[in-house]
Amino acid sequence: MHDSFTSSPAQSRRDLVMSLGLGLVVFGAEARSLTADGNLTGDQVRRLLLAGLVGAIGGELVASVTYLAAGRWAYASAALVRQLVEIEYLAWAVTNDPDDAWEWFKSDKRIRLQRWQPGKIRQRSEGRFPNKDYHDHCEIGGHPVPEPAMSVLGHRDKWVEVTLYETALHGAATWHYLLRALEGIDPISEVERHYQLVDRAYEVWQRTETMDKGLRSENDE
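Residue numbers (our numbering): 869 to 1089.
Structure (structure tokens):
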């Protein structure tokens, strides 16, 4: 892994996204495996199940963006970032109110439509997640919209960097929410090791990043 003295912005994005993908996958597996520990309370088991599932899903999305970006599959990468934004919402919900988030874990389709659609979570977040950010991701990678799709497919290199930036942004937020969700539970050794790698990559990324607005700046052109 590069440091802030040798990393370019593009390299620091890739380093962080790779670290986040592996870190979240390990987090998900380790958190869920700990639920078999008979010394945990019911509340701790629920938090581990919730955080572990959200982490596992998020990790696969982030890791997949890494591979797609390496092949310059810009549109497919953007579609996964839109999914990652929804994972960030769930990671916040798990941290903010685990008892409420347990409803999502046990929900059927009717409950998910009533309370767990992305817009419903944004409403409960009281402005933490702007509508425009989510709608921009839907335009770029959520639905087949002609003009954005032509822009992405016609300028692959530029959009790959935007996608990596957005993955770093939303992936890091997801990671930090999930770590907070496990406060008060004994540290998970594997996660602790990956935390150091992610923390270092995140610090370098913050120091070297030059793309201040990411998707929003590209949409405003």
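Just so it is clear, CB atoms sit at the ideal spot from N, CA and C, and this is done for glycine as well.
Contact check, residue i vs residue j, beta carbons under 8 Å
i	j	result
Gly896	Gly927	yes
His1044	Val953	no
Thr903	Leu916	yes
Arg940	Leu1032	no
Leu884	Ala1036	yes
Phe973	Leu918	yes
Cβ neighbour criterion (16 or more within 10 Å) applied to residue i
i	result
Gly995	exposed
Asp976	exposed
Ser945	buried
Gly1052	exposed
Thr909	exposed
Met1018	exposed
Leu958	buried
Ala876	Reading off the sequence, residue 876 comes out as Ser, not Ala. Classification of Ser876: exposed, given that the 10 Å Cβ count is below 16.
Presumed contact (8 Å Cβ cut-off) between residue i and residue j, rounded CB distance
i	j	result
Ala899	Gly920	3 Å
Leu888	Val922	About 14 Å separates the two Cβ atoms, so there is no contact after all.
Residue i in three-state terms, based on DSSP
i	result
Gln985	coil
His1044	helix
Trp970	helix
Ser975	coil
Leu948	helix
Trp1073	helix
Asp1004	helix
Ile925	helix
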